[in-house]
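Numbering (our numbering), first residue to last: 19 to 356.
Virtual Cβ for every residue (Gly too), placed ideally from N, Cα, C.
The structure appears below as structure tokens.
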């Protein structure tokens, strides 16, 4: 019935002298035009009968269901009405099946782009070494279908952007995890993350659209709510409503975003002069910053997860150690003396 009420309201603008009366709806009949002598007579009614809405005109006598009435008055609205009724009347099993099928469909940013040629982490066998790397880092399962394997990453990039890497650089080519940066269902940048602990270049960032900030997480984040800003995409995958930059200078990367909802979260490196300098810059620019508690031994969020802390507890730590302005300066001074 709520769908009927919705579409009665939507079609009401097409009905002259429309009014709600005595649990029904009264208006001039659109079929006979009601009285030609009196413009104030309204003898068309939509009313409930046996749990359904019916239409009846007490002038011309036309009687039908609300569905048929809507079909005659506004066919476009009638089409929308049918679709909504079908969706409402589906069994839980039908809805679950359709949701499952929808999830299997390739995303637009995959189906129509260079990513189509690559394998997702979710498609790898469990004993695959790259799959094991992701599993051991405990990255959440939903992200396994959003990460890709790129053998010979630099050569792959050259197939998209000719001569991006020189022949000399290609001598150090390697397999990397490809992390796409999505906004409005389109790839605006991507990163290649090395699988080697001793790799000279841990991340390689490729920018495809320089009009969009190179930020990971635009597709899953609501920037109108409290948003956490991390140094790397992996950390951002554990904390709800998070984004990550493609480089270490978070403030420069997010300068075009509204800072009022942002919490800048650098790695837990109190002995790093570079990190302290970056946090200080964020404070001076008016950002809220997380300054980790003194007794926390882990370097970043992913290390905390591997160490056994839950995402909920880590978020609690961040929220309870977020500072701004003078209090942030005082806390940073104390933290940097560790």
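Rounded to whole angstroms, what is the Cα-Cα separation between residue i and residue j?
| i | j | result |
| --- | --- | --- |
| residue 22 | residue 35 | 19 Å |
| residue 330 | residue 183 | 41 Å |
| residue 260 | residue 205 | 18 Å |
| residue 383 | residue 149 | Because residue 383 is not part of the residues shown, which for the chain are 19 to 356, the question remains open. |
| residue 73 | residue 25 | 14 Å |
| residue 84 | residue 202 | 39 Å |
| residue 137 | residue 277 | 37 Å |
| residue 238 | residue 173 | 30 Å |
| residue 275 | residue 42 | 50 Å |
| residue 246 | residue 253 | 10 Å |
| residue 235 | residue 272 | 12 Å |
| residue 101 | residue 226 | 39 Å |
Are residue i and residue j close, meaning C-beta to C-beta below 8 Å?
| i | j | result |
| --- | --- | --- |
| residue 99 | residue 88 | yes |
| residue 284 | residue 213 | no |
| residue 324 | residue 156 | yes |
| residue 47 | residue 78 | yes |
| residue 63 | residue 44 | yes |
| residue 95 | residue 142 | no |
| residue 332 | residue 256 | yes |
How is residue i classed by DSSP in three states: helix, strand or coil?
| i | result |
| --- | --- |
| residue 198 | strand |
| residue 86 | helix |
| residue 45 | strand |
| residue 319 | helix |
| residue 279 | helix |
| residue 219 | coil |
| residue 192 | coil |
| residue 214 | coil |
| residue 206 | strand |
| residue 264 | coil |
| residue 243 | coil |
| residue 353 | helix |
| residue 293 | helix |
| residue 54 | coil |
| residue 313 | coil |
| residue 76 | coil |
| residue 185 | helix |
| residue 155 | coil |
| residue 166 | strand |
Would you call residue i buried or exposed, if buried means 16 or more other Cβ atoms sit within 10 Å of its Cβ?
| i | result |
| --- | --- |
| residue 75 | buried |
| residue 32 | exposed |
| residue 296 | buried |
| residue 286 | buried |
| residue 179 | exposed |
| residue 280 | buried |
| residue 51 | exposed |
| residue 158 | exposed |
| residue 69 | exposed |
| residue 341 | buried |
| residue 300 | buried |
| residue 171 | buried |
| residue 177 | exposed |
| residue 144 | exposed |
| residue 105 | exposed |
Strictly under 8 Å for the Cβ-Cβ distance: is residue i near chain D by that measure?
| i | result |
| --- | --- |
| residue 160 | In the structure shown, chain D does not exist; there is a single protein chain. |
(message) Closer than 8 Å is the cut-off here; do at least three beta carbon pairs connect the region 344 to 355 with the region 314 to 324?
(response) no
(message) Would you call the region 296 to 310 in contact with the region 336 to 346, where contact means no fewer than 3 C-beta pairs closer than 8 Å?
(response) Below 8 Å, enough C-beta pairs join the region 296 to 310 and the region 336 to 346 to call them touching: three or more.
(request) Evaluate contact between the region 230 to 238 and the region 256 to 264, counting only Cβ atoms and requiring at least three cross-stretch pairs below 8 Å. (result) yes
(message) Counting beta carbon pairs with one atom in the region 198 to 216 and one in the region 176 to 190, are three or more of them shorter than 8 Å?
(response) no
(message) Taking 8 Å as the cut-off, does the region 195 to 205 touch the region 157 to 166 (at least 3 CB pairs, one atom from each stretch)?
(response) yes
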